[in-house]
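So the structure is just underneath, and the comments pick up after that.
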Amino acid sequence: MATIGIFDSGCGGLSVYRELVKVLPQERYLFFADNAHCPYGEKTALYIQRRARYITEWLLDKGADIIVVACNTATAAAIATLRAEYPDVPFIGMEPAVKPAALGTKTGVIGVLATAGTLKGSKYLNTRGRFQDDVTIVEHVGQGFVELVENGILDGPEAQETVSASLQPLLDAGADRIVLGCTHYPFLQPLIERLCGPDVQVIDPAPAVARQTVRILGERGIPVGAGPFSVSLHASGDPAALQRIFKRINQQ
Ligand code: DGL
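Just so you know, we're using the numbering used here here: the sequence shown kicks off at 472 and counts up by one.
Shown next as structure tokens:
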């Protein structure tokens, strides 16, 4: 049994946890939601690196064998630092799913929704650079999306208005693939898909990240699969949001 540490600025990382348990159902999970410092989206890289280091220490202290940075913004700001500072620890980061979007688009336009921190990070800019000659890539910050999810508002008039404001410019530009570049956004996916209509595909990178975790555990020779399954949730702030989303994914 492996101990898998996961962290995010809040409950968004549970969209990655939900995919991890599908492919690794017999492990011990430790989930840290840094919601006392959420959102990370507009914070400096230095601030996020400090938080990431603190959380990494916390997870390692509790026995994590591998750490999934289930946050695109923290991946952009801190994964390189974490890998340099903890060379023996395997870290899995989030990849914006630009490649499957670019390969699948029929209109030649793909839309990316993410935080400001992710969109200006070198990881995203490099990925963008690889595909921008082949497809048109339009981006928008999911303004207010993280706050909606943290408050458990996943549908209804307020969510619809907030989501439309950031999504519509991408649809107006002709995007037929929408990449969810923040781990909070998949909790709004049913609403996003409804607003997009049937001709647009919305892509959540979490299943690919879960598969990558399986691969890296194998490469590192960390034994998996014997159980027993367990999950422990920790929030640096109010645990209510985390518990609300956790309950929801367990009902799915
Ligand atoms: N869930 C995060 C991400 O994937 C962070 C959102 C935020 O805190 O701004 O980017």
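Every residue, glycine too, gets a C-beta built ideally from N, C-alpha and C.
All values reported here derive from a predicted model rather than from experimental measurement.
{"Check": "G575 (DSSP reduced to helix, strand or coil)", "Outcome": "helix"}
{"Check": "Y595: CB within 7 Å of a non-hydrogen atom of ligand 3", "Outcome": "Absence of ligand 3 is noted for the structure shown, with ligand 1 being the only ligands found."}
{"Check": "Under the three-state DSSP convention, the category L651 falls into", "Outcome": "strand"}
{"Check": "Opening and closing residue of the alpha helix (DSSP H) in which R489 lies", "Outcome": "485-494"}
{"Check": "Where D726 falls, given that 16 or more other Cβ within 10 Å makes a residue buried", "Outcome": "The chain is shown only over 472 to 723; residue 726 falls outside these bounds and no answer can be derived."}
{"Check": "Residue closest to L531, alpha-carbon to alpha-carbon, out of Y511, F502, T546", "Outcome": "F502"}
{"Check": "Reference R599; option with closest CA among T474, E566, Y557", "Outcome": "E566"}
{"Check": "Which of helix, strand or coil DSSP assigns to E618", "Outcome": "helix"}
{"Check": "Contact set for E556: own chain, Cβ-Cβ below 6 Å, skip 5 residues either direction", "Outcome": "none"}
{"Check": "A644 and G582 closer than 8 Å at C-beta", "Outcome": "yes"}
{"Check": "N- and C-terminal bounds of the alpha helix (DSSP H) containing G592", "Outcome": "Counting along the chain, G592 falls outside any alpha helix (DSSP H), and DSSP gives it neither H nor E."}
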